[in-house]
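Note sheet for the following structure.
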Amino acid sequence: MIRILYFGRLREDLAMREETLDWQEGDSEALIARLRSRGPEWAEALAPGRVFRVVVDRVMVRGAQPVPDGAEVGILPPVTGG
Amino acid sequence: MWSEIRVQPAPFDPAGEEARLRAQAPDAGALVTFQGMVRGGDGPVALSSLTLEHYPGVTEGEIAAIAAEAARRWPLLGAVVVHRVGRLLPGEPIVLVQVAARHRAAAFAAAEFLMDYLKTRAPFWKHEAFADGSARWVAAHDADALRAARWERP
Chain A
1 MIRILYFGRL REDLAMREET LDWQEGDSEA LIARLRSRGP EWAEALAPGR VFRVVVDRVM
61 VRGAQPVPDG AEVGILPPVT GG
Chain B
1 MWSEIRVQPA PFDPAGEEAR LRAQAPDAGA LVTFQGMVRG GDGPVALSSL TLEHYPGVTE
61 GEIAAIAAEA ARRWPLLGAV VVHRVGRLLP GEPIVLVQVA ARHRAAAFAA AEFLMDYLKT
121 RAPFWKHEAF ADGSARWVAA HDADALRAAR WERP
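Chains as they are written, first to last, in our numbering: chain A, 1 to 82; chain B, 1 to 154.
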């Protein structure tokens, strides 16, 4: 199982703040692909360009990264701070 | 480099932060302070409030990484970054960046670098509420990405 947290507009687009998901092993791109396959609204909300970064266990890394079982995964839309 | 990085709902005190930074960086010959405020709205309808969300436990580390990158690029003596979250009203201060260095060129450049990277890398999201009752998430600006891209190395 992994715990997924959604931030910013993704939380509203997906009507979900967080969830737990049955997950074996794989990388963050495989996880996003699986979430997109849930339906058109998921595919649209998580379309390329709408996801800025996938954060695994609170570490910001660019590009695909391993998502181990038990991980906390944050899915971040493009950031707008400052 | 000495640094102070905080994410907080409360207002900040630029003079107090500056005094502490100067105490931590007594050899500084230059200190640049940047303060960002909530604008009253860029469109025809007035902004009534701005709410900032972030990723607790991740944001602070990302800002620290940005500050460390600035310290690799310029000879800095100290840096302060305080970013507010929660609900803010137009005119309220939202972000404070202070950089101390021996000379002004490094302090000016690093302060601008910190702001450009804060805007495009740190996990903050702005949600705007307007006087007519409408609300929306702020979209990421291409101009901010272009400004940040100026600092990218080949």
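Ideal Cβ positions, reconstructed from N, Cα and C, are used throughout, including at glycine.
Checklist entry - Just how far apart, CA to CA, sit A/Q24 and A/F7? => result The count along the first sequence starts at 1 and reaches residue 24 of chain A at position 24. The count along the first sequence starts at 1 and reaches residue 7 of chain A at position 7. Distance between the alpha carbons of A/Q24 and A/F7 is about 24 Å.
Checklist entry - Closest Cβ-Cβ distance between B/I94 and chain A: below 9 Å? => result To locate residue 94 of chain B, count along the second sequence from 1; it is residue 94. It does: the Cβ of B/I94 has a partner Cβ on chain A nearer than 9 Å.
Checklist entry - Taking Cβ-Cβ distances below 9 Å as the criterion, which residues of the region 47-81 of chain A are in contact with chain B? => result F52, R53, V55, R58, V59, M60, G74, L76, P77, P78, V79, T80, G81
Checklist entry - Considering only C-alpha positions, which residue in the set B/A79, B/R102, B/M115, B/H103 is nearest to B/K95? => result Within the second sequence, the letter at position 95 stands for residue 95 of chain B. Just to set this straight, residue 95 of chain B is Val in the shown sequence, not Lys. Checking every option, the nearest Cα to that of B/V95 belongs to B/M115.
Checklist entry - Does A/E84 get closer than 9 Å to chain B when you measure Cβ to Cβ? => result Since the first and last residues shown for chain A are 1 and 82, residue 84 of chain A lies out of range.
Checklist entry - Between A/A71 and the rest of its own chain, which residues show a CB-CB distance below 6 Å, the 5 nearest in sequence each way excluded? => result Here residue 71 of chain A is taken as the residue at index 71 of the first sequence, counted from 1. Excluding sequence neighbours, A/A71 sits near I2, V56, D57.
Checklist entry - CA-CA distance, B/W2 and B/A28? => result What you label residue 2 of chain B is simply residue 2 of the second sequence in a count that begins at 1. What you label residue 28 of chain B is simply residue 28 of the second sequence in a count that begins at 1. Looking at the two C-alpha atoms, the distance is approximately 12 Å.
Item to check | Minimum C-alpha distance to A/L31 - residue among A/L14, A/G74, A/P40 | outcome: Position 31 of the first sequence, counting from 1, holds the residue named residue 31 of chain A. Checked all of A/L14, A/G74, A/P40; the closest Cα to A/L31 is A/G74.
Checklist entry - Whose C-alpha, out of B/A140, B/A65, B/Y117, is nearest the C-alpha of B/R150? => result Sequence index remark: in the second sequence, residue 150 of chain B carries index 150 (1-based). Nearest of B/A140, B/A65, B/Y117 to B/R150, Cα basis: B/Y117.
Checklist entry - Can you name the residues of chain A whose CB is closer than 8 Å to the CB of B/V80? => result Within the second sequence, the letter at position 80 stands for residue 80 of chain B. Result: empty, since nearest Cβ-Cβ is about 15 Å, beyond 8 Å.
Next on the checklist: Am I right that B/D144 and B/T120 are in contact with their C-beta atoms under 8 Å? What's the rounded C-beta distance?
Outcome noted: Along the second sequence, one-based indexing puts residue 144 of chain B at 144. Along the second sequence, one-based indexing puts residue 120 of chain B at 120. Confirmed, Cβ separation roughly 5 Å.
Checklist entry - Along the region 8-32 of chain A, what residues have a CB closer than 8 Å to any CB found in chain B? => result Under the 8 Å Cβ criterion, the region 8-32 of chain A contributes G8, R9, E12.
Item to check | Short CB-CB distance (under 9 Å) between B/D13 and chain A | outcome: In the second sequence, counting from the first residue as 1, residue 13 of chain B sits at position 13. Chain A places no beta carbon closer than 9 Å to that of B/D13, leaving this residue out of the contacts.
Checklist entry - What span of residues does the alpha helix (DSSP H) with A/P40 cover, start to end? => result Along the first sequence, read from residue 1 onward, the residue named residue 40 of chain A stands at position 40. Where A/P40 is concerned, the enclosing alpha helix (DSSP H) stretches over 40-45.
Next on the checklist: When you compare the CB positions of B/L77 and B/W125, do they come within less than 9 Å of one another, or not?
Outcome noted: One-based indexing of the second sequence puts residue 77 of chain B at position 77. One-based indexing of the second sequence puts residue 125 of chain B at position 125. No, these two residues do not count as a Cβ contact at 9 Å.
Checklist entry - What residue ranges within the region 56-97 of chain B form continuous beta strand (DSSP E) runs of no fewer than 3 residues, ordered along the chain? => result 76-84, 86-88
Next on the checklist: Could you compute how far the alpha carbon of B/G36 sits from the alpha carbon of B/R20?
Outcome noted: For the purposes of this step, residue 36 of chain B is identified with residue 36 of the second sequence, where counting begins at 1. For the purposes of this step, residue 20 of chain B is identified with residue 20 of the second sequence, where counting begins at 1. When rounded, the separation of the alpha-carbon atoms in B/G36 and B/R20 is 20 Å.
Checklist entry - Taking buried to mean at least 16 other C-beta atoms within 10 Å of its own C-beta, is A/R34 buried or exposed? => result On the first sequence, residue 34 of chain A is found 34 positions in, with the first residue counted as 1. Answer is exposed; the Cβ neighbour count stays below 16.
Next on the checklist: If the criterion is Cβ atoms closer than 9 Å, does the pair B/V81 and B/E4 meet it?
Outcome noted: Here residue 81 of chain B corresponds to residue number 81 of the second sequence, with the count starting at 1. Here residue 4 of chain B corresponds to residue number 4 of the second sequence, with the count starting at 1. In contact: B/V81 and B/E4 (Cβ atoms closer than 9 Å).
Item to check | A/L5: first and last residue of the uninterrupted beta strand (DSSP E) it sits in | outcome: Along the first sequence, one-based indexing puts residue 5 of chain A at 5. Secondary structure note for A/L5: its beta strand (DSSP E) is the uninterrupted segment 2-6.
Item to check | Terminal residues of the alpha helix (DSSP H) in which A/L35 lies | outcome: Taking the first sequence and counting its residues from 1, the one referred to as residue 35 of chain A is at position 35. Taken as a continuous stretch (DSSP letters only), the alpha helix (DSSP H) holding A/L35 covers 28-36.
Item to check | Assigned exposure category for B/H54 - 16 Cβ within 10 Å defines buried | outcome: As a working note, residue 54 of chain B is residue 54 in the second sequence. Its Cβ being crowded by 16 or more others within 10 Å, B/H54 is buried.
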